[in-house]
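Below you'll find the structure, written out as structure tokens, and then a few comments.
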Amino acid sequence: MMSDLQESLDQFSTGNDDVFAKYQNLNGFDPSLFNFPHRPIEKEALKLEELEIVQRLNRKRKETLDLLSNQEIKTDYQNDVNTELFEKELPFYQRVNVGESVGGVPIDELNQAGELLCEALFIRAKYMALSLQSFNPITARSLQTVNEKYSLKDFYDQVAEENIDSPRSMCVLQENENLTPCGSIWKPYICDVPGDSGYQFELINGVFRVYDNKVPIEKSLASVIHPMPCIEEFMEDQKVLLSLSTHGPIKSFTFRRLQFLESKFKLHCLLNDVKENAAQKEIVHRDFYNVRKVDTHIHAASCMNQKHLLRFIKKKVKAHGDDIVNVVNGKPLTLSNLFKEMNMNPYDLSVDTLDVHADHNMFHRFDKFNQKYNPIGKSKLREIFLKTDNYMGGRYFAELIKEVASDLEESKYQNAELRLSIYGRDKNEWDKLGKWAVVHDVASYNVRWLIQIPRLYDIYKSNNQIKNFEEVLDNIFRPLFEVSVNPSSHPDLHRFLRQVN
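The number in this note's numbering is simply the position in the sequence shown, starting from 1, with 299 added.
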């Protein structure tokens with residue numbers, strides 16, 4: 300039986316050879332089509348794939364270089380374009396190119412979502428122009444190609460050139476030859492205080508309007524030095540943006556778009572993470588620890604760790620127990636007596652009893668999160684150690700922040716933007732905050748300040764602390780306009796605002 304099978308195979312092979320010989324005589328016949336590779340098919344396919352990738356990268360590089368050569372580049376930026384370096388580094392990373400049809404939604408919904416998103420971008424660009432902020436030029440040109448009414452030139456022309464180009468020395472730090480990274484010589488609060496600029500301002504319908512000093516204040520907008528949208532236009536734009544947030548096609552498009560961008564980034568990481576890590580390691584004298592880092596969201600009252608706060612409290616009770624921290628019923632209260640009234644021994648305190656650590660249980664629980672600012676659950680200790688406005692003028696809080704700033708200066712490459720609160724209950728809040736910073740010299744080369752406004756209007760209103768929301772706006776913004784127009788009216792606040800981002 301095996302011999303019969305072998306004879307059949309031999310006949311089949313002989314027949315194939317005859318057929319193959321006939322096809323060799325045909326015109327245009329390529330014998331290589333019937334050649335079997337001398338190596339495994341997987342290796343041959345991998346080699347062809349690598350060759351195709353190199354050819355595709357070369358074509359992409361040539362197209363990019365041709366595009367750059369055809370573009371008009373300003374003379375100021377010609378030195379920034381290193382063609383040889385660009386040509387050398389372009390094929391280093393594998394790049395992902397995806398076609399335009401990646402919306403994943405029907406074409407009619409895609410067109411509708413695109414039109415509405417362009418409208419939202421135009422609203423954003425309009426308000427950025429009115430607030431003296433620049434808008435992305437590429438996005439601006441793209442908007443103009445969609446619709447001529449999306450031209451931003453008219454909005455920027457409404458703003459006087461002197462308002463954009465003139466230097467604003469009051470809010471820009473001047474160069475100082477004594478400015479050193481260690482902060483030992485740097486004294487930012489020692490500065491000249493300018494006089495009155497002569498501008499006038501007025502609160503009309505909840506909006507502050509600034510007028511030229513040469514023109515009398517009128518109810519019209521004729522003498523306003525800076526344009527602004529009316530309340531009707533603002534409310535209309537707000538309605539548009541709120542409606543877009545619940546629009547079905549836009550939600551579908553944006554959700555799928557975000558998923559696509561996330562997947563694209565993950566694919567980029569899979570393709571290039573090894574090369575990026577290798578490129579980072581090739582940079583001499585540079586790693587994660589000597590790269591300048593900035594913590595942009597940290598409350599000043601929680602900038603220290605719990606062990607640091609515990610050590611500071613124990614030190615103050617031991618060395619400064621006789622400090623008067625409050626006056627109760629006309630009688631002075633010392634720090635030692637305060638702990639005695641609370642039946643607490645500071646030497647028995649620990650990190651656990653301090654209980655100021657915010658863990659994962661604090662998410663979406665602002666009530667619990669706010670309680671963590673009370674050491675040992677006592678609001679009295681928070682007022683004494685973590686407040687700027689108290690009987691001691693915030694001295695303990697200033698010393699604590701200066702210790703944290705000293706640690707940042709020692710590390711050299713760590714910076715922080717500490718957040719301080721303005722509540723809007725009183726017009727003197729700004730002056731008190733500025734006085735606290737200047738009197739205690741709370742400043743560091745590694746620290747800048749951010750101002751946050753807690754949304755506690757309903758609590759103030761229910762407790763009859765304020766009359767209406769306009770009073771809150773007036774308490775928050777009037778001191779800022781006063782110190783901007785006439786810095787000498789609030790000298791400490793002027794010095795403090797130089798360090799506010």
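All C-beta atoms in this analysis are idealised placements derived from N, C-alpha and C, irrespective of residue type, glycine included.
None of these values were measured; they are calculated from a predicted model.
- The way I'd put it, the region 555-574 doesn't touch the region 686-696; fewer than three beta-carbon pairs between them come closer than 8 Å.
- The C-beta distance from Arg747 to Cys490 rounds to 16 Å, too long to fall under 8 Å, and the pair is not in contact.
- Of the candidates His619, Leu699 and His793, the residue whose Cα lies closest to the Cα of Leu732 is His793.
- In terms of Cα proximity to Lys701, the closest of Phe552, Leu608 and Asp495 is Leu608.
- Contact annotation: the region 711-720 touches the region 576-592, with at least three C-beta pairs closer than 8 Å.
- Shown here, Arg394 sits in coil according to DSSP, grouped into three states, outside any helix or strand.
- In this structure, Ser787 places its C-beta atom within 8 Å of the C-beta atom of Gly494.
- The DSSP-derived three-state label of Ala715 is strand.
- Counting along the chain, the unbroken beta strand (DSSP E) around Asp594 starts and ends at Lys592 to His598.
- In the displayed model, Asn589 falls within a helix according to three-state DSSP.
- A straight-line Cα-Cα distance of about 11 Å links Lys613 and Lys606.
- Beta bridge pairing from DSSP links Leu632 with Asn625.
- Taking 8 Å as the cut-off, the Cβ atoms of Val539 and Ile422 count as close.
- Residue range Gln499 to Ile503 is occupied by the beta strand (DSSP E) that includes Leu502.
- Separation of Met603 and Ser542 (C-alpha to C-alpha, rounded to the nearest whole angstrom) is 42 Å.
- Rounded to whole angstroms, the separation of the alpha carbons of Phe500 and Phe780 is 8 Å.
- In the three-state reduction of the DSSP assignment, Gln751 falls in the strand class.
- If you look at Phe564, you'll find it in the alpha helix (DSSP H) that goes Gly547 to Lys580.
- With respect to the C-alpha of Leu685, the residue from Phe795, Ser601 and Glu531 having the closest C-alpha is Ser601.
- Taking all protein chains shown into account, Tyr392 has fewer than 16 neighbouring C-beta atoms within 10 Å of its C-beta and is therefore exposed.
- When Cβ pairs closer than 8 Å are counted between the two stretches, the region 749-768 is seen to touch the region 720-736, the count reaching three or more.
- For His789 against Asp730, the beta-carbon gap comes to about 6 Å, under 8 Å, which counts as contact.
- Annotation: the continuous alpha helix (DSSP H) that includes Tyr759 extends over Tyr756 to Ser761.
- A straight-line Cα-Cα distance of about 18 Å links Asn767 and Glu728.
- Spatial neighbours of Phe434 in its own chain (CB-CB distance under 6 Å, excluding positions within 5 residues in sequence) are listed in chain order as Ala424 and Met427.
- Here Tyr646 is not bridged, per DSSP, to any residue.
- Straight across, the Cα-Cα distance linking Ser743 with Lys563 is about 41 Å.
- Shown here, Arg508 sits in a strand according to DSSP, grouped into three states.
- Burial state of Asp791 is buried, judged by a 10 Å Cβ sphere holding 16 or more other Cβ atoms.
- Assigned with DSSP and collapsed to three states, Ser441 falls in helix.
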